[in-house]
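J.: In this note's numbering, the protein residues as written are 1134 to 1207. Backbone N, C-alpha and C fix where the C-beta goes; we use that ideal spot for every residue, glycine too. Could you have a look at this structure, given as C-alpha cells, before my questions?
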C-alpha cells in the first residue's frame, strides 16, 4: 500500500538509536532497507519516532527492573 508503514518499531528504533548503537548492530537508516521503503512512507506527520523509541526503551527498562526485583525476592 502506498504511504503505509508496517512494524513501526523498526522505524522508531532506527530513528532513536545512537550512531554508536547502530554501528555495533550494523544498522543504518530506515531509508536503506528495502522492506521499510515499500510503502513510500519513512516518517509520519505528527509522529516523532525518536521520542517514541525513547518511551519504549524506558518502558522496557522498567519491565526489566520489575523482573529483577521479583527474582531477587524469590
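1. Take residue 1145 as the anchor and find which of 1137, 1180 and 1153 has the nearest alpha-carbon.
2. Does residue 1147 pass the burial test, meaning 16 or more other C-beta atoms within 10 Å, or should it be called exposed?
3. Quick one: is residue 1167 buried, meaning 16 or more other Cβ sit within 10 Å of its Cβ, or exposed?
4. Ends of the alpha helix (DSSP H) at residue 1198?
5. Residues in its own chain within less than 7 angstroms of residue 1137 by CB, not counting five upstream and five downstream?
6. Assuming residue 1183 contacts residue 1149 (C-beta within less than 8 angstroms), just tell me the rounded distance between them.
7. Three-state secondary structure (DSSP) at residue 1170?
T.: Quick answer:
1. In the chain shown, residue 1145 corresponds to position 12, counting from 1. Nearest option by C-alpha distance: 1180.
2. Within the chain shown, residue 1147 is the residue found at index 14, counting from 1. It counts as buried.
3. Translated into positions along the chain shown, residue 1167 becomes position 34. The residue is exposed, with fewer than 16 neighbouring Cβ atoms inside 10 Å.
4. Locating residue 1198 in the chain shown gives position 65, where the first residue counts as 1. Run containing residue 1198: 1182-1206, per the alpha helix (DSSP H) assignment.
5. To locate residue 1137, count along the chain shown from 1; it is residue 4. Cβ within range, chain order: 1172 and 1174.
6. As a first step, residue 1183 is located in the chain shown; it is residue number 50 there, counting from the start. As a first step, residue 1149 is located in the chain shown; it is residue number 16 there, counting from the start. Yes, they are in contact, since the Cβ atoms of residue 1183 and residue 1149 sit about 4 angstroms apart, within 8 angstroms.
7. By 1-based counting over the chain shown, the position of residue 1170 is 37. The three-state secondary structure of residue 1170, taken from DSSP, is helix.
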